[in-house]
Structures are given as structure tokens and as C-alpha cells.
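Chains as they are written, first to last, in this note's numbering: chain F, 13 to 126; chain G, 982 to 1092.
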């Protein structure tokens, strides 16, 4: 079956612009996670959804970052007024129930802010 | 102190040798533990879960030491294809289902 799909795979934007990153999880997975990863580092937790609600958004670095999952499936990560420091690979993962069930990652969106 | 810490390496390992490395975690209430593998410019993939009594999957052995708050991964008879970054993942009970990654340990297996 289809895995986790993330679009776009690459995004180049100018400093100050707004971007949206999309994640389409595995069908039926209730848990959805967003991470970001910089070169040479492990994935950094951003936000976790259980169904439609954000169960934990403690990893969002500031109020420029926002994520939604209105119907409990597709999620969109939104970044306002992008900064060069936002450049990273943004990874989305889903799992059947969250917690101890394995994460299935998408291929990521490589965001470059110039 | 980071919640989950790993030696970044790289661990340079001769083909056929054994390599082991640890991951320490700061929260004693941690509930679930995993090892993920990440190849260069690829997404992380689950290697194995770590159970309290320790567990083995082929050439890979994972162990948990709750008293000292670390987990370990041992790779026997290393293959060239084992070259990757190994990420430790911890689910902190107090943080709900938030899964926290370590920075990864890079392993390079050489002929």
C-alpha cells in the first residue's frame, strides 16, 4: 500500500515568504508527527497529532510555525515570515496509534530559505 | 542536558567485526525505546524496538538498562550495508506519545 507522502520534495523560498508543507499519512493511521532535521543532527520534534487535534505542539519553535490536520488525515505545516534558520528537511511520520507503535516516515521536504 | 544523547561517531568498523554503542536518556519515566536506521539523505526507518529483557533480531541485539538510563545496540558480523546513522528514540511517559530522537551514531563499515 501507499506510504507517507510529502509534497513538495524540495522548496526554495526567499526570506520573509510564507510556505506550506503537506503530509499525506498512511490511510487509517491516527497519529501524525512533524519533525525537522538539520544536517548531521537527529530529527527534532515539532508537533504530534492524534486524530484532528494537536496532542503536543511543544516542539514548535515560535509562533511563525503552525500545523493543522482538519479531517484527521492530511496535515499541513505552515511557516510564516520564513528565516534562513528555518532551512532544514521537514519530516512527517504517521503511526497506527502513536506511542509504542512504529513511525513510518515520508521522504521529507527539503526547505531552503535564501 | 539533552533528553536523549548519543555519541555521534563515526565508528569505523572492519567488515565482519562487532560494534556496540549506547544511547542515554534523561527521564527515568521513559516508557518505550526504539532504534531507527537512517541512510544518507533518506528518511529514518525502524530497525527494532527495545524490550526490557533485551532482544535480538539476526545480527542486531538491543538492550535496556533502566537503572543507568541507557539503551544499547550491538551489531555482530558487520556488513558493508550496515553503514548508516543509527538513531535512538525514546517515548517519555510524562510527555504523552511524543517520540524524542537522539542525534544519531554514525557507523562506517569498511572492507
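From the three backbone atoms N, C-alpha and C, an ideal C-beta is built for every residue, glycine too.
Sequence-distant residues of its chain with Cβ nearer than 7 Å to residue 1040 of chain G (five each side left out): 1056, 1057, 1058
Residue 1094 of chain G - containing beta strand (DSSP E), residue span: In the structure as shown, chain G begins at 982 and stops at 1092. Residue 1094 of chain G is therefore absent and cannot be evaluated.
Within-7 Å CB hit, residue 98 of chain F to chain G: no
Chain F contact residues for residue 1082 of chain G, given Cβ-Cβ distances below 8 Å: 47, 54, 55, 56, 57
Neighbourhood of residue 96 of chain F by C-beta, 7 Å cutoff - its chain only, sequence neighbours within 5 removed: 27, 125
Assigned secondary structure, residue 36 of chain F (DSSP; H/G/I helix, E/B strand, else coil): strand
DSSP three-state assignment for residue 52 of chain F, whether helix, strand or coil: coil
Cβ separation of residue 1020 of chain G and residue 1029 of chain G, assumed to be a contact under 8 Å, to the nearest whole Å: At roughly 16 Å, the Cβ-Cβ gap does not stay under 8 Å, so residue 1020 of chain G and residue 1029 of chain G are not in contact.
Within 7 Å, strictly: CB atoms of residue 112 of chain F and residue 1013 of chain G: yes
CA-to-CA distance, residue 1090 of chain G to residue 104 of chain F, given in whole angstroms: 29 Å
Under 8 Å by beta carbon: chain G residues contacting residue 89 of chain F: By Cβ distance, chain G contributes nothing, its closest Cβ being about 16 Å from residue 89 of chain F, past 8 Å.
Residues of its chain near residue 1035 of chain G, where Cβ-Cβ distance is below 8 Å and the 5 sequence neighbours each way are ignored: 1042, 1043, 1044, 1045
DSSP bridge partner residues for residue 22 of chain F (one or two, in chain order): F:122
Extent of the continuous beta strand (DSSP E) to which residue 995 of chain G belongs: 992-995
7 Å CB neighbourhood of residue 107 of chain F in its chain, flanking five on each side removed: 41, 43, 113, 114, 115, 116
Beta-carbon gap between residue 990 of chain G and residue 1087 of chain G smaller than 7 Å: yes
Inter-residue Cα distance where the pair is residue 63 of chain F and residue 1092 of chain G: 47 Å
Against chain G: residues of the stretch 107-119 of chain F by CB proximity under 7 Å: 110, 111, 112, 114, 115, 117, 118, 119
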